[in-house]
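Everything below concerns the one structure shown next.
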Amino acid sequence: MAKPDWEAIETAYRAGIMSLRDIGALYGVTEGAIRKKAKKLEWVRKNITQVRKNGTQKNTVRTTRRPASSGAVQKHSRPESGPPADTKPEAVRKKVVTNHPPFQPGNQYALKHGGYARRLLLKDEVVEDARALTLEDELFRLRANNLMAAENIGRWFTLLEDAEEEQQRKILMDNISAAEKAMMRNTVRIESIVGMLATVSKIHADTDYRLAATDKVSLEADRLRRDAGIDDGNGERDLNDFYADIQTDA
């Protein structure tokens, strides 16, 4: 099947002399295909074919000029005259995609959980690592920050001894002061986390003790019920049956 001559079809379409049906019949394509191609490539039709109705018969006003075969159509056959003064050019549609999802793949936690993940637009890797962090990890980070701050303070003190300009000395002193304050804040947070970890351990131990005590009381209660005959191994008996047995024995 021969490939349609879209260059010739474009020329005939822009000329506006023939109807889309005639252009399609001439070049062996459908009218819908021409419309899609024109919309995609933004072809502008100069003179729109006029159609008038006389009773039940439709007469299409056309000129006698018809384009030659697809191989003989020349590029310079496009009309040079512009559109009539009383017509408006077709608005060029901007290719703007508006139906895309609000969050692209790679940020699924924002879609599922919302909250900080939706507003910060964190990556899935960051969210997964954040969910796996513990208080021990925070404690490690704070201690590492203190060590780095102490190293910077020592380096700035060395530079301070060799500094001659007053402005440079002031900058170094400000850096040393800020680092020392940061170390103090980190130390307070370290103490808080260490205390929290100790409290959590105590809470876990207390919970385990309470569970063990509960199990012990439950086992003791079962033993007493068996000794009293309330539960003889064949199912639990009602207390009224137990009292009836006591009265019978008396």
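Residue numbers for the sequence shown follow the working numbering, beginning at 83 and rising by one.
Note that the Cβ used here is the ideal one computed from N, Cα and C, for glycine as well.
Check, Outcome
"With a threshold of 7 Å on Cβ separation, who are the neighbours of Arg-292 within its own chain once the five nearest residues in sequence on each side are excluded?", "none"
"Which residues mark the beginning and the end of the alpha helix (DSSP H) in which Asp-87 is found?", "No alpha helix (DSSP H) holds Asp-87; DSSP gives it neither H nor E."
"Using the three-state DSSP reduction, which class does Glu-273 fall into: helix, strand or coil?", "helix"
"Can you tell me whether Gly-106 is buried or exposed, with buried defined as 16 or more other CB within 10 angstroms of its CB?", "buried"
"With distance defined between alpha-carbon atoms, name the residue in Asn-228, Ile-235, Ala-94 nearest to Ile-272.", "Asn-228"
"Can Val-90 and Tyr-109 be called in contact, C-beta distance under 8 Å?", "The sequence given here has Ala at residue 90, not Val. For Ala-90 and Tyr-109, yes; Cβs fall inside 8 Å."
"Give a yes or no on whether the C-beta atoms belonging to Met-278 and Leu-217 are separated by under 8 Å.", "yes"
"With a cut-off of 8 Å on the beta carbons, I'd call Met-265 and Ala-231 a contact; round off their distance for me.", "5 Å"
"Would you mind giving the Cβ-Cβ distance between Glu-113 and Arg-103, rounded to the nearest angstrom? I have them listed as a contact below 8 Å.", "5 Å"
"Output the residue ranges of the alpha helix (DSSP H) runs that lie fully inside the region 278–318 and measure 4 residues or longer, sorted by chain position.", "none"
"So, helix, strand or coil for Val-208, using DSSP?", "helix"
"Enumerate in chain order the residues of its own chain whose CB-to-CB distance from Leu-242 is below 8 Å, with the five nearest sequence positions on each side excluded.", "Arg-251, Leu-254, Met-255, Ile-258"
"Please report the residue range of the alpha helix (DSSP H) in which Ile-116 lies.", "113–123"
"Going straight from the alpha carbon of Val-111 to that of Glu-92, what length do you get?", "12 Å"
"From Glu-247 to Asp-206, what does the alpha carbon distance come to, in whole angstroms?", "49 Å"
"May I have the straight-line CA-CA distance separating Phe-222 from Arg-307, to the nearest angstrom?", "54 Å"
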